[in-house]
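Participant:
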Amino acid sequence: MHIQQLSVFLEDRSGRLTELTRILAKHDVNINALNLAETTDYGIVPMVVGRPELAKKILEKAGFSIGLTDVVCVNIPDESGSLYQILKILTEENINVDYMYAFSNRDVALAVIRTADISGVSELLKKKGIKLFSQSDIYQL
Amino acid sequence: MIWNPERECAEREQMHQLQSEQLSRMIQRMYDHVPFYRNRFKEKGIEPGDISSVEQLKELPFTTKDDLRENYPFALFTVPQSDIIRIHASSGTTGKPTVVGYTWQDLEIWSEVVARSLTMAGVHSKDTIQVAYGYGPFTGGLGLHYGAEKVGATVIPISIGNTRKQLQFMTDFNATVLACTPSYAAYLGESILKEGFSPEDVKLRIGIFGAEPWSNEMRKEIEKLLRIKAYDIYGLSEVIGPGVSKECECQCGSHIFEDHFIPEIIHPETLEVLPDGEIGELVFTTVSKEAMPLLRYRTRDLTRLYREKCACGRTLVRMEKCLGRSDDMLIIRGVNVFPSQVESVLMEMSEISPHYQLIIRREKNLDTLEILVEINEKNWSDSIRELEMIKHRIELNIKSLLGVRATARLMEPHSIERSEGKAKRIIDLRK
Chain D
1 MHIQQLSVFL EDRSGRLTEL TRILAKHDVN INALNLAETT DYGIVPMVVG
51 RPELAKKILE KAGFSIGLTD VVCVNIPDES GSLYQILKIL TEENINVDYM
101 YAFSNRDVAL AVIRTADISG VSELLKKKGI KLFSQSDIYQ L
Chain G
1001 MIWNPERECA EREQMHQLQS EQLSRMIQRM YDHVPFYRNR FKEKGIEPGD
1051 ISSVEQLKEL PFTTKDDLRE NYPFALFTVP QSDIIRIHAS SGTTGKPTVV
1101 GYTWQDLEIW SEVVARSLTM AGVHSKDTIQ VAYGYGPFTG GLGLHYGAEK
1151 VGATVIPISI GNTRKQLQFM TDFNATVLAC TPSYAAYLGE SILKEGFSPE
1201 DVKLRIGIFG AEPWSNEMRK EIEKLLRIKA YDIYGLSEVI GPGVSKECEC
1251 QCGSHIFEDH FIPEIIHPET LEVLPDGEIG ELVFTTVSKE AMPLLRYRTR
1301 DLTRLYREKC ACGRTLVRME KCLGRSDDML IIRGVNVFPS QVESVLMEMS
1351 EISPHYQLII RREKNLDTLE ILVEINEKNW SDSIRELEMI KHRIELNIKS
1401 LLGVRATARL MEPHSIERSE GKAKRIIDLR K
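First to last, the protein sequences are chains D and G.
Per my numbering, the first sequence starts with residue 1, numbered consecutively.
Per my numbering, the second sequence starts with residue 1001, numbered consecutively.
1. According to DSSP, which residues form a beta bridge with residue 1180 (chain G)?
2. Could you say which of D:94, D:128, D:90 lies nearest to residue 113 (chain D) if we only look at CA atoms?
3. Express the C-alpha separation of residue 88 (chain D) and residue 1324 (chain G) in angstroms, rounding to a whole number.
4. Just to confirm before moving on: does the CB-CB distance between residue 1143 (chain G) and residue 1207 (chain G) stay below 8 Å?
5. Under 8 Å, do residue 1366 (chain G) and residue 1333 (chain G) count as touching if we go by C-beta distance?
6. When Cβ atoms are compared, which residues of the stretch 1397-1415 of chain G fall closer than 7 Å to chain D?
7. Since residue 1380 (chain G) meets chain D, which of its residues come closer than 8 Å, beta carbon to beta carbon?
8. Which residue from D:41, D:15, D:37, D:6 puts its Cα closest to that of residue 31 (chain D)?
9. Is it a yes or a no for the stretch 1132-1150 of chain G touching the stretch 1261-1280 of chain G, going by three-plus beta-carbon pairs under 8 Å?
10. Using only alpha-carbon positions, find the residue among D:16, D:18, D:40, D:25 that is nearest to residue 49 (chain D).
11. Within 8 Å (strictly less), CB to CB, does residue 1375 (chain G) reach chain D?
12. Looking only at C-alpha atoms, which of G:1215, G:1174, G:1216 sits nearest to residue 1201 (chain G)?
13. Looking only at its own chain, which residues have a Cβ that is under 7 Å from the Cβ of residue 1381 (chain G), when we skip the five neighbours before and after it?
14. What are the start and end residues of each continuous beta strand (DSSP E) run of 3 or more residues lying completely inside the stretch 73-116 of chain D, in chain order?
15. Looking at chain A, is there any beta carbon in it that lies within less than 8 Å of the beta carbon of residue 52 (chain D)?
16. Would you say residue 1427 (chain G) faces chain D, with C-beta separation under 8 Å as the test?
17. For residue 1360 (chain G), return the contacting residues in chain D, with the cut-off set at a CB-CB distance below 9 Å.
18. Does DSSP put residue 1163 (chain G) in a helix, in a strand, or in coil?
19. Determine, using beta carbons only, whether residue 111 (chain D) comes closer than 8 Å to chain G.
20. Can you say whether residue 138 (chain D) is buried or exposed, counting buried as having 16 or more other CB atoms within 10 angstroms of its CB?
21. Under three-state DSSP, which class holds residue 1416 (chain G)?
22. In the DSSP assignment, the beta strand (DSSP E) including residue 1246 (chain G) goes from what residue to what residue?
23. How long is the line joining the alpha carbons of residue 1168 (chain G) and residue 1058 (chain G), rounded to whole angstroms?
24. Is there a Cβ of chain D sitting closer than 8 Å to that of residue 1278 (chain G), yes or no?
25. Please confirm whether residue 95 (chain D) has its beta-carbon closer than 8 Å to some beta-carbon of chain G.
26. Residue 1062 (chain G) by DSSP, collapsed to three states: which one?
27. Please decide whether residue 1388 (chain G) counts as near chain D, where near means a Cβ-Cβ distance under 8 Å.
28. Using only CA atoms, which one of G:1363, G:1259, G:1291 lies nearest to residue 1021 (chain G)?
29. Below 6 Å CB to CB, which residues in the same chain sit around residue 78 (chain D) once its five sequence neighbours on both sides are set aside?
30. Considering just the uninterrupted stretch of the alpha helix (DSSP H) at residue 18 (chain D), what are its terminal residues?
31. Within 8 Å of any Cβ in chain D, is that where the Cβ of residue 1383 (chain G) sits?
32. Taking the alpha-carbon of residue 18 (chain D) as reference, which of D:36, D:54, D:98 has the nearest alpha-carbon?
33. By the three-class DSSP mapping on this structure, what secondary structure does residue 1238 (chain G) have?
34. Go through the stretch 1033-1084 of chain G residue by residue and report every complete run of the alpha helix (DSSP H) that reaches 4 residues or more, in order.
35. Answer with buried or exposed for residue 1193 (chain G), where buried requires no fewer than 16 other C-beta atoms within 10 angstroms of its C-beta.
36. On the criterion of 16 or more Cβ atoms from any shown chain inside 10 Å, does residue 1001 (chain G) qualify as buried, or is it exposed?
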């Protein structure tokens, strides 16, 4: 069980991120999680939203370049060592994390993790008893 | 199919004789009617009767674009104005426009060479050809138009611009042939889905592209985008317009219609004639033209000639795809760079789209080259590491193939300005 993350390619131009969020606001799309990775020329904004396909259409219409990437969204109990427990499982299986970002929403804390073979990784984590979030879980947050 | 086998497959001696006869008649007409040429001949001590063979071409003076400007607008015409039935002017790629005139016979020849060109690509009377070159003083639109009518094809004279309408006509009227600049073809190709059309409704099978230099890699890209076979058509308004030379189905260089336009390759500095196979400046003598024949006109285009017989059966001399116009050549930190070479490097990478721009600056007395490229809309990675690898690969390939250091800048798709005519690919801020 994995979810789809929206990735936006942004040229390093002032106001581009504001424009992105303006369009999402206009269409009432809630951003559950967002990250910003940048180089000197451009940035990548990966984000988790409730309905990624719809958001992709809206943003492409507005001229943005959108990618959809499979990621796992892991529920992390709000206590010390819980993220370590999850990453340990991946390391033991020799799975490399490409990138991740974490966020908390009232009483749940989530980590969005990108690796190769997302389906395999989500199966593995589920088997080990780690709670994963589905797309509809995200939508209901 | 070969439109005019007698001329296009002529034996060399036969061609030689035809060229010689036409050349000597042309020299006589120039001498009689154009003071500019008469003075040039007198300076060199040449009498019209002296020239009887095409072998003597190398003894004759050159004509340059500056000569055309100095004789602006009509001083090089060899016929009275009443015989001129059309005026065209160059698109002004470099400097102010140059003017050319055509008699009825000239337009006949032009239609003939374009008809030969289209036939070479497999176009026939059942085809519908969308002419998306500009109609007007630029020779692209009307040149293709008359040739296509001669072949008997159905012509859609849509001219440039209005991409939506282009695609509407293309799909509704079942266009099978597209004629335009290669950069506009690429733009039309990527607009199909964006404008809400279905690729299955595009019935194109052949592309006739020219008016700007383009690489073989760009060709592959366009062929894939539009699912066609794309052919280079070469021409310049001073000589006649499109239809000076054209690729056959072998796509192995363009056959020059040398019964009308005699080519030579010269060293651009020493002006010596170079042997076949060597790269130099292309020079044309337009032996059959009535209104404004040109003697050894320097095109500034760099290429080479081949005379080996082509698999298509034509004996016409072939020219290699132009490396570029010598005016387009950039000198970056002392290294000669043609935009088409940069294009070849970029087109080999599937992660980027066929649109790019080169920006040259001078910083602290050093030239810098920045290459703006768009990431491919459908094929980009959201990992910064992979994107940075693409950027580094561009820089590395440019450095190793062209010997010049460049920085690549990845852009959002569709952010580089599109052109409907000739693409604006170079921004030189050093001047």
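Just so you know, even glycine gets a beta-carbon here, dropped at the ideal spot from N, CA and C.
Facilitator: Checking against the coordinates, here is how it stands:
1. Stepping through the second sequence from its first residue, residue 1180 (chain G) is reached at position 180. G:1209.
2. In the first sequence, the residue the question calls residue 113 (chain D) occupies position 113. Relative to the Cα of residue 113 (chain D), the nearest Cα in the group D:94, D:128, D:90 belongs to D:90.
3. Within the second sequence, the letter at position 324 stands for residue 1324 (chain G). Within the first sequence, the letter at position 88 stands for residue 88 (chain D). Computed Cα separation, rounded: 58 Å.
4. Here residue 1143 (chain G) refers to the residue found at position 143 when the second sequence is read from its first residue. Here residue 1207 (chain G) refers to the residue found at position 207 when the second sequence is read from its first residue. No, the Cβ-Cβ distance between residue 1143 (chain G) and residue 1207 (chain G) is not below 8 Å.
5. Reading the second sequence from its first residue, position 366 is the one you call residue 1366 (chain G). Reading the second sequence from its first residue, position 333 is the one you call residue 1333 (chain G). Going by beta carbons, residue 1366 (chain G) and residue 1333 (chain G) fall inside the 8 Å limit.
6. 1409, 1410, 1411, 1412, 1413, 1414, 1415
7. For the purposes of this step, residue 1380 (chain G) is taken as the residue at position 380 of the second sequence. Ordered by position in chain D, the residues that pass the 8 Å Cβ test against residue 1380 (chain G) are 9, 65, 67.
8. By one-based count along the first sequence, residue 31 (chain D) stands at place 31. Looking at the Cα atoms, D:6 is the closest of the given residues.
9. no
10. As a position in the first sequence, residue 49 (chain D) is number 49, starting the count at 1. The shortest C-alpha separation from residue 49 (chain D) is found at D:25.
11. Sequence index remark: in the second sequence, residue 1375 (chain G) carries index 375 (1-based). Cβ-Cβ to chain D under 8 Å: yes for residue 1375 (chain G).
12. Translated into the one-based positions of the second sequence, residue 1201 (chain G) becomes position 201. Checked all of G:1215, G:1174, G:1216; the closest Cα to residue 1201 (chain G) is G:1174.
13. Within the second sequence, numbered from 1, the residue matching residue 1381 (chain G) stands at position 381. Here the set comprises 1387.
14. 97-105, 108-115
15. Judged by its chain identifiers, the structure shown contains no chain A, and its protein chains are D and G.
16. The residue given as residue 1427 (chain G) occupies position 427 in the second sequence. When Cβ-Cβ separations below 8 Å define contact, residue 1427 (chain G) makes no contact with chain D.
17. Along the second sequence, read from residue 1 onward, the residue named residue 1360 (chain G) stands at position 360. Those within 9 Å of residue 1360 (chain G) in chain D number zero; the least Cβ separation is about 18 Å.
18. Here residue 1163 (chain G) refers to the residue found at position 163 when the second sequence is read from its first residue. Note: residue 1163 (chain G) maps to helix in three-state DSSP.
19. Residue 111 (chain D) sits at position 111 when you count from the first residue of the first sequence. With 8 Å as the cut-off, residue 111 (chain D) does not count as an interface residue toward chain G.
20. One-based indexing of the first sequence puts residue 138 (chain D) at position 138. Buried.
21. For the purposes of this step, residue 1416 (chain G) is taken as the residue at position 416 of the second sequence. Looking at residue 1416 (chain G) - three-state DSSP - the assignment turns out to be coil, as it is neither helix nor strand.
22. Taking the second sequence and counting its residues from 1, the one referred to as residue 1246 (chain G) is at position 246. 1241-1247 is the span of the beta strand (DSSP E), which, as asked, contains residue 1246 (chain G).
23. Looking up residue 1168 (chain G) in the second sequence gives position 168. Looking up residue 1058 (chain G) in the second sequence gives position 58. Spanning the two alpha carbons is a distance of roughly 51 Å.
24. On the second sequence, residue 1278 (chain G) is found 278 positions in, with the first residue counted as 1. No, because no Cβ of chain D sits closer than 8 Å to the Cβ of residue 1278 (chain G).
25. Within the first sequence, residue 95 (chain D) is the residue found at index 95, counting from 1. Answer no: the Cβ-Cβ gap between residue 95 (chain D) and chain G never drops below 8 Å.
26. Within the second sequence, residue 1062 (chain G) is the residue found at index 62, counting from 1. Residue 1062 (chain G): coil per DSSP, three-state reduction.
27. Indexing the second sequence from 1 puts residue 1388 (chain G) at position 388. So yes, residue 1388 (chain G) belongs to the interface.
28. Counting from 1 along the second sequence, the entry for residue 1021 (chain G) is found at position 21. Among G:1363, G:1259, G:1291, the Cα nearest to that of residue 1021 (chain G) is on G:1259.
29. Counting from 1 along the first sequence, the entry for residue 78 (chain D) is found at position 78. Correct list, in chain order: 109.
30. The sequence position of residue 18 (chain D) within the first sequence is 18, counting from 1. Its alpha helix (DSSP H) spans residues 16-26.
31. Counting from 1 along the second sequence, the entry for residue 1383 (chain G) is found at position 383. Taking Cβ atoms only, chain D reaches closer than 8 Å to residue 1383 (chain G), which makes this a yes.
32. By 1-based counting over the first sequence, the position of residue 18 (chain D) is 18. Closest option to residue 18 (chain D), judged by alpha-carbon separation, among D:36, D:54, D:98: D:36.
33. Residue mapping note: residue 1238 (chain G) aligns to position 238 of the second sequence, counting from 1. Of the three classes helix, strand and coil, the one that applies to residue 1238 (chain G) here is coil, per DSSP.
34. The qualifying runs are 1035-1044, 1065-1070.
35. What you label residue 1193 (chain G) is simply residue 193 of the second sequence in a count that begins at 1. When all chains shown are included, residue 1193 (chain G) counts as exposed.
36. Working through the second sequence from its first residue, we reach residue 1001 (chain G) at position 1. Exposed.
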